[in-house]
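Presented below is the structure to which this report refers.
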Amino acid sequence: MSKIDELAELIGGVTEQINEATAASGASAQEAEQVGATAAALGAEGVIEGMAEVKSQLDALSELLQSASERADEIKALALSVAENS
19 MSKIDELAEL IGGVTEQINE ATAASGASAQ EAEQVGATAA ALGAEGVIEG MAEVKSQLDA
79 LSELLQSASE RADEIKALAL SVAENS
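Residue numbers (the working numbering): 19 to 104.
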């Protein structure tokens with residue numbers, strides 16, 4: 019296995035970890051939304067606003083992680099392309 023192939027494999031591992039973090043962030047955002055709904059049922063306005071902000075920030079994190087995953091895939095493809103053309 020060439021060094022470039024090893025690099026591509028490592029990048030694939032990083033991509034997998036990023037995807038796991040994205041899924042966890044999405045699950046946390048969903049939980050924040052559920053807590054907000056419960057707070058709404060109980061009439062706790064401050065909690066509702068706070069959980070909406072938490073969900074918003076988690077959604078933004080998920081988007082950032084998804085972009086990082088896509089970029090890692092692009093870098094992996096580039097590394098493999100370089101390996102093929104060497």
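Note that the Cβ used here is the ideal one computed from N, Cα and C, for glycine as well.
Under 8 Å between the Cβ atoms of residue i and residue j?
{"i": "Asp77", "j": "Ala47", "result": "yes"}
{"i": "Ala39", "j": "Leu83", "result": "yes"}
{"i": "Ala125", "j": "Ser20", "result": "Residue 125 is absent from the model: the chain starts at 19 and stops at 104."}
Using the Cα positions of residue i and residue j, report the straight-line distance between them to the nearest angstrom.
{"i": "Glu27", "j": "Ala97", "result": "10 Å"}
{"i": "Gly44", "j": "Gly61", "result": "25 Å"}
{"i": "Gln75", "j": "Ser104", "result": "43 Å"}
{"i": "Glu51", "j": "Val72", "result": "9 Å"}
{"i": "Gln35", "j": "Ala42", "result": "11 Å"}
{"i": "Ala59", "j": "Asn37", "result": "33 Å"}
{"i": "Leu79", "j": "Glu63", "result": "24 Å"}
Within a Cβ cutoff of 6 Å, which residues of the same chain sit near residue i, ignoring the five residues on either side of it in sequence?
{"i": "Ala57", "result": "Val65 and Ile66"}
{"i": "Leu25", "result": "Ala97"}
Quick one: residues in its chain with C-beta nearer than 8 Å to the C-beta of residue i, no 5 flanking neighbours on either side, listed in chain order?
{"i": "Thr33", "result": "Ser87, Ala90, Asp91 and Lys94"}
Minimum length 3: unbroken beta strand (DSSP E) runs contained in the segment 26 to 57: none
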